[in-house]
Every structure is written in C-alpha cells, then in structure tokens.
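With the sequence shown counted from 1, adding 5 to any position gets you our numbering. The next block holds one structure in the form of structure tokens; read it before the comments.
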Amino acid sequence: MTTIDPMILAKANSWLSSNIDEKSKKEIKALLDSPDKTELIDSFYRDLEFGTGGLRGLMGVGSNRMNVYTVAMATQGLANYLLKCFPGEDIKVAITHDCRINNTLFASTTANVFTANGIKVKYFRQMRPTPMLSFAIRHFGCKSGVMVTASHNPKEYNGYKAYWDDGGQVVAPHDKNIIDEVLKITSMDDVNWNKNDELIEYIEEDFDEIYMELVKKLSLSKNEIQAQKNMPIVFSPIHGASGVMVPAALKAFGFENVHIVKEQEQPDGTFPTVIYPNPEEAEALTMAIELGKKTGAELVLACDPDGDRYAACVPDGKGGYDLLNGNQTGALLTYYLLSKWKELGKLDGNQFMVNTIVTTELIDEICKGFGVTCYSVLTGFKNIAEIIRNLEGKNQFIAGGEESYGYLVGDFVRDKDGVSACAMVSEIVAYYKTQGKSIQNVLAEIYTQFGFYKESLISVTKKGKDGAEQIQNLMTGFRTNRPKEMNGIKVVKVVDVKESKVYDTANGTESTLKMDKSNVIQFYLEDGSKISARPSGTEPKIKYYFSVNEPLPNREAYKAVEASLEGKIEGLKKFFS
C-alpha cells in the first residue's frame with residue numbers, strides 16, 4: 006500500500022472543504038477513495054508552478070493541475086503585480102486562446118479576475134494565434150497579456166503564457182517578481198472573484214487586417230512570387246488556431262494555389278487525427294504530406310495548435326517529402342534574408358539577428374559571412390524578445406529563431422510567429438524555384454560556403470514526482486562527474502549555464518560565464534561536436550541536443566560528409582542512452 010505524505014492528504018482535504026464546485030469535490034473524493042494513490046499524489050504533492058513563462062500542466066482537479074482555481078490564483082498574483090508596477094495608471098491586458106479543451110473557460114476566468122481587480126481587458130472575439138496576442142499588446146498599449154495554450158503538448162494539457170508590455174513573454178526582473186506575487190496567493194479565498202463585465206472590450210476581426218498589413222510588408226521578392234503564384238502549397242493548422250491567418254498570409258504574399266487539409270482545418274482540442282499535435286513530429290504531418298502528393302505541392306506547411314511554431318516539408322525528388330528540421334529552416338531563412346538585404350543595399354552594419362544556445366551554430370557562421378551580428382541567448386523566445394527590446398532604437402532587428410521550429414521576421418511581434426514564417430518560407434521556395442533550384446540545392450550551397458552542420462535531438466520523458474527527481478539526478482550527475490570523453494572523442498570544454506562556469510578541460514582552466522543562469526550544461530568535443538543537456542521548462546522531459554559539423558569541400562562530397570556526420574550523431578546518442 007502506498008504511503009501518502011500527510012501534507013498531500015491535508016491539501017486534498019483543504020480543497021475538499023473549500024468553496025469549489027461540486028464536480029471538483031466529487032473528483033477529489035474519487036482520488037481519495039481510489040486504492041491507487043498515484044493520481045492523488047501527483048495532483049496535490051505541490052502547487053502547479055508558475056514558472057518564468059507562466060503555467061503549463063495536465064488538466065484536472067488539484068493544486069498541481071490546470072483548472073479554474075489554479076488559473077484564477079495565478080491571475081490574481083499577476084494582477085497584484087501589475088497594480089504595484091503601474092499605480093494609478095489605466096492598466097489594460099490582452100487575452101486570447103487557442104483550440105484546447107477548457108480554453109474558453111480558462112480565458113474567461115482570467116478576464117474575470119483581471120476585471121475584478123479594476124484592470125481593463127482586450128479580449129479576442131475569436132481564438133487567434135499567439136503572435137497576434139503579442140502584437141495586440143503593443144498595438145493597444147497593454148501592460149500585459151495572457152495566451153491560454155499548451156502549445157504542442159498532448160491534448161490532456163493546457164497552459165497560460167504571460168506577457169509584458171513589449172509583447173514578449175515576461176523576463177527578469179518581472180518574471181521572478183510575478184512568481185513571488187503568485188506564491189502569496191495560497192487559497193481560492195485570496196482571489197477577487199467579483200468580475201466587472203463593463204471592463205471587457207472585444208477585439209474584432211478588423212484587427213486581423215492591421216496585423217496582416219504588417220506581415221505583407223515582410224515580403225522581399227514580389228516579382229518571383231508573381232512568377233510562381235500558382236505554385237501548389239499545402240497547409241494544415243493541425244486542428245489549431247492558425248487555420249484562418251496562415252492562408253490569409255499566403256494570399257497576402259500573392260500565393261493563389263493553397264490547399265488546406267480539410268480533416269485538420271476545424272479547431273478541435275482533442276486533436277482527433279494525430280497522436281501528438283507537434284509539427285516537429287513527422288506523424289503529425291501524415292495527412293498534409295498525403296495531400297501534398299495528390300496536389301504536387303512544392304511545399305507542405307503546418308503549425309502547432311497556437312500557431313507560433315511551424316514546420317516545412319519539401320519534395321525529396323523521389324515522390325516523397327523531406328521534413329526540414331528547425332535548424333535547416335532557420336539556416337535557410339537566415340541565408341535568404343541576409344542575401345536579399347545585401348542585394349537591396351540594406352546592410353549597413355547596424356543590423357542584428359538572434360538565436361539560442363541550442364540552435365545550430367551554422368546560423369552564426371552565416372551571419373559572420375554577411376558581417377551581421379548574431380546574439381546567442383538562453384532557450385526560450387522571451388530571451389530573443391529581450392534583446393530586441395534592449396536594442397530598440399539603436400540597431401535594426403532582421404530575424405531570429407530557435408531550433409524548435411520557432412522563427413520571427415521583423416519586430417512588430419515579439420514572440421515566434423508561425424504565420425509570417427509560413428509565408429516567408431513559401432517566398433523562399435518560390436524565389437529559388439525561379440532560379441531552377443530546389444531547397445536541397447540551396448542547403449548544399451550553404452553547407453559548401455559555411456560548413457556542413459547536422460543536428461539531432463533526443464527527448465526523454467519522465468512523468469510525475471519520481472520523473473522530476475530522476476531528471477534532477479541526471480543533471481546533478483553531469484555536474485559532479487563530468488565525462489572526459491564521449492564516444493571515444495575527448496571533451497575539451499564544458500559550459501555549465503546554471504553554475505555560470507566554463508571549464509576548459511584541455512588546458513585545465515576555469516572561467517566565469519556571462520549569461521543568465523539556466524539549468525543547461527553543454528559539452529564541446531575535440532572534433533567540433535557540441536552536446537547540450539536541458540530539462541524542458543514546459544514538459545516532464547530532459548532534452549539532449551546534438552550538433553556535429555565538418556567542412557564540405559565541394560558539392561560532390563555531400564553524401565559522404567552527410568554519412569560521416571550521421572555516424573557521429575548515432576555514436577553520441579548511444580553514449581547518452
């Protein structure tokens with residue numbers, strides 16, 4: 006029989022005796038009566054953490070679950086912080102949501118708590134993608150914003166992303182300060198539930214046109230698009246919130262032959278046609294690729310449920326499609342944008358780009374080749390947005406992205422934008438098609454010029470309380486017993502972002518890392534390989550990122566070098582397994 010911590014029982018009984026709805030009380034009683042206490046423990050062993058990006062977790066009853074009560078308590082903490090930061094000011098927040106189960110319930114709960122605290126709410130009439138929430142904050146002069154979404158997590162999850170007045174997700178010092186305020190809300194009784202509907206103003210569909218005009222201005226190759234306007238493109242929103250805006254963006258750019266995956270067009274939080282609504286997973290793109298084959302599509306696109314991430318597939322020349330990874334599309338976007346900016350005479354030394362420390366260093370090499378500064382930041386698009394904010398009015402942001410299929414072109418949005426990214430990738434395909442080049446040809450050109458980089462990722466899921474402890478133990482092990490070699494290759498440098506240390510193992514020296522702390526450790530090998538280990542901030546996972554590279558002496562050596570790099574990655578994966 007499972008021994009239950011008395012604190013867990015006390016918390017469950019506290020919820021049971023509080024003023025919650027009867028349905029939730031019945032669910033708690035069922036957990037208490039069940040012979041298997043695993044679900045009870047996982048539901049109440051802690052409070053659902055309001056992390057630096059907000060909330061995310063399984064839906065259900067309990068302090069460690071997404072429900073109206075944990076959402077309301079988090080919102081009360083955020084409201085309290087806004088009132089402290091902007092005393093006497095007219096405070097507005099923007100709110101929207103995607104397609105997930107309970108999203109309208111959680112979004113309206115959020116709006117109600119804000120209005121109960123005298124804060125005005127700009128509420129999207131219809132669900133819209135995350136980038137539009139980011140843009141709305143800036144457009145309407147809001148102090149904050151909330152996007153109710155669990156991004157690409159499975160259907161059982163939901164979440165709550167908090168934004169600041171620049172349209173980016175909250176960063177220091179606000180992130181930690183908001184967490185402190187949320188921690189002060191220890192019960193439902195601390196929440197002001199007296200909503201004021203008069204403080205809610207709805208954002209209507211005319212706002213779509215304002216956003217779309219700015220997306221349209223990103224286009225750099227209008228003549229090439231006109232020449233390829235009938236190029237077949239397939240798009241799937243994977244049952245999410247991008248089903249209106251991505252087709253609109255493709256049309257605004259000038260593409261006229263767009264095919265939507267009908268089975269996945271309508272919003273549906275159960276995601277009935279996929280196992281996992283993540284465009285990084287090939288399985289989620291099965292229907293889109295099948296439609297691509299039927300229509301002869303030159304490009305197959307998909308977005309995750311909240312429309313901030315995107316995926317792109319291109320014909321492989323054998324009747325199928327290659328799913329480009331986030332590093333490949335990031336490199337293509339970087340190369341294309343810088344090439345066009347140079348061609349248009351727009352590069353004058355004041356431009357910059359941004360990527361993250363687990364994203365391919367090929368992007369850094371491309372930027373160096375064009376004489377453009379590329380900043381490397383911690384994982385999370387909020388860190389890219391922070392660089393944009395800090396350099397606003399001083400230098401010009403071109404684009405930035407991360408390996409997890411997130412990219413942003415232009416600075417009117419301050420989060421990754423799958424809508425504009427889909428339009429821009431379509432433009433890239435059209436541009437090079439007019440030159441008789443496939444995307445594989447372009448990648449080969451990039452690799453020949455800047456080096457052949459290949460990346461891969463392992464995600465290991467560890468669920469529940471025990472899983473969280475296992476992940477912590479893995480990271481502790483990397484720090485206390487740093488490997489001297491991996492797959493027979495010497496480790497020459499270790500970067501521990503959490504401890505702010507750089508260990509030069511080749512020379513036996515140690516230095517301080519000038520970067521915000523984060524639970525990441527990176528190993529640099531003698532052959533130029535880099536491996537990064539990082540627990541996910543939004544899922545019960547630990548992620549291992551592998552990056553290997555070699556020079557590509559000429560195009561003819563492509564297959565041989567690719568095989569060599571694949572062999573290196575497989576050897577490194579075996580080491581970590």
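Where a beta carbon is used, it is the ideal one built from N, C-alpha and C, also for glycine.
Burial state of residue i (16 or more Cβ within 10 Å)
| i | result |
| --- | --- |
| T481 | exposed |
| E206 | exposed |
| P12 | Here residue 12 turns out to be Met, not Pro, going by the sequence shown. Classification of M12: exposed, given that the 10 Å Cβ count is below 16. |
| W169 | buried |
| D41 | exposed |
| S534 | buried |
| T517 | exposed |
| L383 | buried |
| N18 | exposed |
| D180 | buried |
| R314 | buried |
| D47 | buried |
| N69 | buried |
| T334 | buried |
| I526 | buried |
| D5 | Only positions 6 to 582 of the chain appear in this structure, which leaves residue 5 out of reach. |
| E408 | buried |
| I124 | buried |
Which listed residue (the options) has its alpha carbon closest to that of residue i
| i | options | result |
| --- | --- | --- |
| V465 | K578, N554, T439 and I389 | K578 |
| M1 | S241, I433, E285 and T365 | Limits of the chain in this structure are 6 at one end and 582 at the other, which puts residue 1 out of reach. |
| E348 | H244, F375 and I526 | F375 |
| I184 | K506, K399 and A84 | A84 |
| D420 | N395, V430, G406 and M429 | G406 |
| G245 | E575, I9 and I106 | I106 |
| D213 | A253, Y563 and C308 | A253 |
| Q454 | V500, K373 and S461 | K373 |
| M152 | A167, E408, G146 and D313 | A167 |
| L296 | D471, C318 and K351 | C318 |
| V553 | E432, E450 and V363 | V363 |
| I25 | V430, V73 and V220 | V73 |
| Y341 | I451, G312 and L304 | I451 |
| N360 | R560, L328, L53 and I393 | I393 |
| K267 | T378, T278, L479 and Y410 | T278 |
| E303 | S505, R130, S443 and T275 | S443 |
Same chain only: Cβ atoms within 7 Å of residue i, ignoring 5 sequence neighbours per side
| i | result |
| --- | --- |
| V497 | T510, A511, Y529, L530 and E531 |
| F580 | M491 and N492 |
| T154 | H102, D103, R105, T135, G164, K166, P310 and D311 |
| K583 | Because the chain spans 6 through 582 in this model, residue 583 falls outside it and cannot be assessed. |
Contact set for residue i: own chain, Cβ-Cβ below 6 Å, skip 5 residues either direction
| i | result |
| --- | --- |
| G248 | P242 and E270 |
| K345 | L225 |
| S23 | M193 |
| F551 | S461, I536, I574 and L577 |
| P310 | D103, C104, G245 and P282 |
| L352 | W346 |
| A307 | S241, I243, P284, L290, A293 and A316 |
| P540 | I476, N524 and I547 |
| T378 | F357 |
| L219 | F417 |
Whether residue i touches residue j by CB criterion (9 Å)
| i | j | result |
| --- | --- | --- |
| T339 | Y458 | no |
| F402 | G423 | no |
| V3 | L87 | Because the chain in this structure spans residues 6 to 582, residue 3 falls outside the shown range and cannot be described. |
| Q81 | V118 | yes |
| I368 | A336 | yes |
| I9 | W20 | no |
| V430 | Y437 | no |
| Y326 | K299 | no |
| Y216 | F145 | no |
| M132 | P272 | yes |
Beta-carbon contacts of residue i that lie in its chain and below 8 Å, excluding the five residues immediately before and after
| i | result |
| --- | --- |
| G259 | S224, K227, I230, Q231 and K234 |
| D195 | M78, Q81 and K189 |
| T109 | H102 |
Report task. Note down, one range per segment and in chain order, each beta strand (DSSP E) of at least 3 residues found wholly within the region 470-522. Result -> 494-501, 506-509 and 514-517
Query raised in the report: Which ranges would you report for the beta strand (DSSP E) in the region 397-425 if only whole runs of at least 3 residues count?
Result: 401-407 and 411-414
Requested in this report: Jot down the residue ranges of each uninterrupted alpha helix (DSSP H) in the region 190-240, minimum 4 residues, whole runs only, in chain order.
Outcome: 211-221 and 227-232
Query raised in the report: Along the chain, which unbroken stretches of the alpha helix (DSSP H) at least 4 residues long are found entirely within the region 238-263?
Result: 250-258
**Report entry** Length at least 4, wholly inside the region 296-379: the alpha helix (DSSP H) runs in chain order
**Finding:** 331-348 and 367-374
Query raised in the report: If you scan the region 111-164 from start to end, which runs of the alpha helix (DSSP H) of 4 or more residues do you find wholly inside it?
Result: 135-144
**Report entry** Runs of alpha helix (DSSP H) lying entirely within the region 39-67, each at least 4 residues, in chain order
**Finding:** 43-49
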